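Its first residue numbered 490, the sequence shown is counted upward by one per residue in the working numbering.
Cβ coordinates follow ideal geometry from the N, Cα and C atoms, glycine included.
Just so you know, these numbers come straight off a predicted model, no measurement behind them.
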Amino acid sequence: MSEPKIEVLFSTDEIAARNAAMATEIRAAGFDDRPLVVAVLKGGFVFAADLIRALHGAGIAPEVDFMSLSSYRAGTTSSGTVTVLRDLETDVAGRDVLLVDDILESGRTLAYAKQLLLDRGAKRVALAVLLDKPVRRVAAIEAEFVGFTSPDLFVVGYGMDMGHAYRQLPYIGHVIVSK
Ligand code: IMP
Ligand code: MG
Numbered sequence: 490m491s492e493p494k495i496e497v498l499f500s501t502d503e504i505a506a507r508n509a510a511m512a513t514e515i516r517a518a519g520f521d522d523r524p525l526v527v528a529v530l531k532g533g534f535v536f537a538a539d540l541i542r543a544l545h546g547a548g549i550a551p552e553v554d555f556m557s558l559s560s561y562r563a564g565t566t567s568s569g570t571v572t573v574l575r576d577l578e579t580d581v582a583g584r585d586v587l588l589v590d591d592i593l594e595s596g597r598t599l600a601y602a603k604q605l606l607l608d609r610g611a612k613r614v615a616l617a618v619l620l621d622k623p624v625r626r627v628a629a630i631e632a633e634f635v636g637f638t639s640p641d642l643f644v645v646g647y648g649m650d651m652g653h654a655y656r657q658l659p660y661i662g663h664v665i666v667s668k
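Shown next as structure tokens:
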């Protein structure tokens, strides 16, 4: 088996332009001056890092916290159960929260996270995802802000992994395994 090749689906420049546009959309949606950005780890960290800088450009000064959730184990399919591996430090009661993650696929992970934050008294929880894979949806949830609609392929890069690899790629790609 030779080295896997990566087909670029969304380039670094396309992602940067989309982040800036999303920040403008988020601004227009009338968030608090100081919303709480909750970045979902691990996959959402690169997107969240760029999105908060784009938010700065749009005049929003967010507070940032992190939550590590797992619905995937070692493989590439969802187990269906969501576990909080690392919880927030911030009290979300009364806050405007922007929940930021890499992909909305089955929706189980973000449906769980959104409900958890609402149960804790968040005033508003909106979802910003880099990629939406609508054909894979199981839970009844949509994101208010979507970077790109993804083809139904397993994607890597820009924070997203396959077996713990490829998170460092500055673009979003699809792994082509040649035999
Ligand atoms: P779901 O929406 O609960 O099915 O799961 C979404 C999570 O699964 C995302 O936050 C990713 O961490 C992971 N995931 C889903 N599809 C992909 C993919 O194509 N590449 C890498 N990770 C993925
Ligand atoms: Mg994830």
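| Check | Outcome |
| --- | --- |
| Can you grab the Cα-Cα spacing for the pair N508 / L587, in whole Å? | 14 Å |
| Pairs of beta-carbons, one from the segment 522-537 and one from the segment 491-498, closer than 8 Å: are there three or more? | no |
| For chain B, is any of its Cβ atoms less than 8 Å away from the one on H653? | This model lacks chain B altogether; it includes just one protein chain. |
| Relative to the alpha-carbon of A628, which residue among D539, G662, T570 has its alpha-carbon at the smallest distance? | T570 |
| Spatial neighbours of G548 within its chain, please: C-beta separation below 8 Å, excluding the five flanking residues on both sides. | R516 |
| Is it the case that the Cβ atoms of A543 and A512 are separated by a distance below 8 Å? | yes |
| Under three-state DSSP, which class holds H545? | helix |
| Using only the alpha-carbon positions, how far apart do F634 and P493 sit? | 32 Å |
| Does the beta carbon of D591 fall short of 7 Å from some heavy atom of the ligand GDP? | This structure lacks the ligand GDP; the ligands present are the ligand IMP and the ligand MG. |
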